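Peer 1: Anchor point for the sequence shown: position 132 equals 286 in my numbering, and the numbering is continuous, going up by one each time. Backbone N, C-alpha and C fix where the C-beta goes; we use that ideal spot for every residue, glycine too. Small disclaimer: the values here were computed from a predicted structure and weren't measured.
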Amino acid sequence: MKFTAKLISILMIAVMSFGMAACRMSPMASKPDINELTKNKGDMLVITAHPQMAMTKEQYKEGILRMSVSYEGYANNPNPVNNSEVKLPEDEYLKIYNFCVDAAAKNKFAGYKEQVCDGETYTFTYYDTEGTAHVLYDGYCYENKELQDIMNMISKYSLD
């Protein structure tokens, strides 16, 4: 009986050790170094809104909206009056970065669709630190809380 208890204890310790080691190797296991991330240049995430209603090509081009987050830590959500960028708080910057890395690594939104026939579709494009584009999602996203949260986080930085 004592032998069985010791064997079970040793197996439990081994399983926990392997699990902890695997977590340390995961890219999402440690908090990214924001100082290293902000050394990168260019866009990290670009969200483009495309109108989906009857209109001319000119109206369509005028209706496309683009908001972005740069690796330098700035949100850009232009409006007809102001095209300035706003520095994001570190927690929101990291939340957006982690969203991008996680969604790209897991192909998180593959196959996700909403049954909508008008309004706007959105394209979420993540650019990794090498500049490679990853389309995270392309379509309607009225019902997806995670996508809505990211859009709302960026869109609140529109300067009037």
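Just tell me which of Ile201, Val200, Glu226 and Lys211 has its CA closest to the CA of Thr192.
Peer 2: Glu226
Peer 1: Which value, in whole angstroms, describes the spacing of the CA atoms of Gln206 and Gln269?
Peer 2: 13 Å
Peer 1: Distance check for Thr283 and Lys249, CA to CA, integer angstroms please.
Peer 2: Roughly 16 Å separates the two Cα atoms.
Peer 1: What alpha helix (DSSP H) runs, 4 residues minimum, are completely inside the stretch 187-225?
Peer 2: 188-191 and 211-217
Peer 1: Determine the direct distance from the alpha carbon of Ile304 to that of Lys241, and round the result to whole angstroms.
Peer 2: Near 16 Å, if we compare the C-alpha coordinates of Ile304 and Lys241.
Peer 1: Ignoring anything shorter than 4 residues, give me the alpha helix (DSSP H) runs that lie fully in the stretch 251-289, in order along the chain.
Peer 2: The DSSP assignment places no complete run of the alpha helix (DSSP H) inside the stretch 251-289 (cut-off: 4 residues).
Peer 1: Cutting at 8 Å between CB atoms, please list the residues of its own chain near Tyr228, excluding the five before and the five after it.
Peer 2: Glu239, Val240, Lys241 and Leu242
Peer 1: Thinking C-alpha only, which one of Thr210, Asn194, Asn230 and Thr277 is nearest Ala264?
Peer 2: Thr277
Peer 1: Count the other C-beta atoms from every protein chain shown that fall within 10 angstroms of the C-beta of Ala257, then say buried if there are 16 or more, exposed otherwise.
Peer 2: buried
Peer 1: Could you give the DSSP three-state label for Asn230: helix, strand or coil?
Peer 2: Three-state DSSP puts Asn230 in a strand.
Peer 1: Near Met174, which residues of its chain fall below 7 Å by C-beta distance, leaving aside the five closest residues on each side in sequence?
Peer 2: With a pLDDT of only 44 at Met174, under the threshold of 50, the placement of this residue in the model should not be trusted, and no figure is reported.
Peer 1: Short of 6 Å in beta carbon distance, which residues of its chain neighbour His288, apart from the five on each side in sequence? Order them along the chain.
Peer 2: Ala258 and Tyr280
Peer 1: Taking 8 Å as the limit between beta carbons, can you name the residues of its chain near Asp292, skipping five residues before and five after?
Peer 2: Thr275, Tyr276, Thr277 and Phe278
Peer 1: Straight-line CA distance for Arg178 to Gly217?
Peer 2: With a pLDDT of only 41 at Arg178, under the threshold of 50, the placement of this residue in the model should not be trusted; the figure read from the coordinates follows. Approximately 45 Å between the Cα atoms of the pair.
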